[in-house]
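**Student:**
Take a look at the structure:
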C-alpha cells in the first residue's frame, strides 16, 4: 500500500507539474505574443519616425527650392543691371556741370530719370555715401585724407556711386575717407 500511495502521490505530482508546465507554456506564449506586439509597436513607431523625418526633409526641401526660385527671380536681371550702371554713371557725369534750363539737358535728365525708374522697379537702390560713416560692406575706400571738417572714418567725397539690388550690394561706392 505504501507503494500505491507513493505511486498515487507521484501521479498527482506529475499531473500538478504538467498543469504548472501548461500554465508556464501559456504564460510564455502570452509573453511571446506581448513581445511580438511590442516588436510590432516598435516597428510601427520606427516607421512613423522615418515617415515624419522624410516628411520634414521634404518640407525643408520645398522651402529651400521656393527660396532658391524666389532668389532667382529677384536677381535674374542683375547681370543686365550691372551692365547698365556705367550708362547711368555717364548720364550723371554728363549732367554734372550743365545748365539745367537748356532743353537738350532737360531731355537727358528725363532719359536718365526714366532709366532710373525702370532700374528702381527691379529693386536697384543707391548706397548712401556722402557724409556718412565708412562701412566696408557698402563702401570701397579709394583714398584717405586728413580733414578737420569731418570726423575720422567718415566719407568726404564719392567718386563712383554704389548700388544695391534687393539688399545685395552689386557695386560698392568708391569713396574718399577722412582719417
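In my numbering, the protein residues as written are 1 to 179.
Glycine included, every Cβ here is placed at the ideal spot set by N, Cα and C.
#1: Applying the criterion that 16 or more other CB atoms from any shown protein chain within 10 Å of the CB defines a buried residue, is residue 14 buried or exposed?
#2: Do residue 175 and residue 134 count as a contact pair if the criterion is CB distance below 8 Å?
#3: Could you check whether the segment 106-120 touches the segment 128-148, counting it as contact only if at least three pairs of C-beta atoms, one from each stretch, sit closer than 8 Å?
#4: From the DSSP output, in three-state form, read off residue 15 for me.
#5: Taking residue 92 as the reference, which of 121, 20, 161, 155 has the closest Cα?
#6: Can you tell me whether residue 172 is buried or exposed, with buried defined as 16 or more other CB within 10 angstroms of its CB?
#7: Across the segment 116-129 and the segment 80-90, are there enough close Cβ pairs to call them in contact, namely three or more that are closer than 8 Å?
#8: Between which residues of its own chain and residue 165 is the CB-CB distance below 7 Å, once the five residues before and five after are set aside?
#9: Just confirm the distance between the C-beta atoms of residue 105 and residue 95, as a whole number of angstroms; I'd bet it's less than 8 Å.
**Tutor:** Concretely, from the data shown:
#1: When all chains shown are included, residue 14 counts as exposed.
#2: It is a contact, given that the beta carbons lie within the stated cut-off.
#3: Not touching, per the Cβ criterion.
#4: In the structure shown, the three-state DSSP call for residue 15 is helix.
#5: Nearest C-alpha to residue 92: 161.
#6: When all chains shown are included, residue 172 counts as buried.
#7: Inter-segment contact for the segment 116-129 and the segment 80-90 is present: three or more beta-carbon pairs are separated by less than 8 Å.
#8: For residue 165, the CB contacts under 7 Å within the same chain, skipping 5 residues up- and downstream, are 75, 78, 81, 123, 124 in chain order.
#9: At roughly 7 Å, the Cβ-Cβ gap stays under 8 Å, so residue 105 and residue 95 are in contact.
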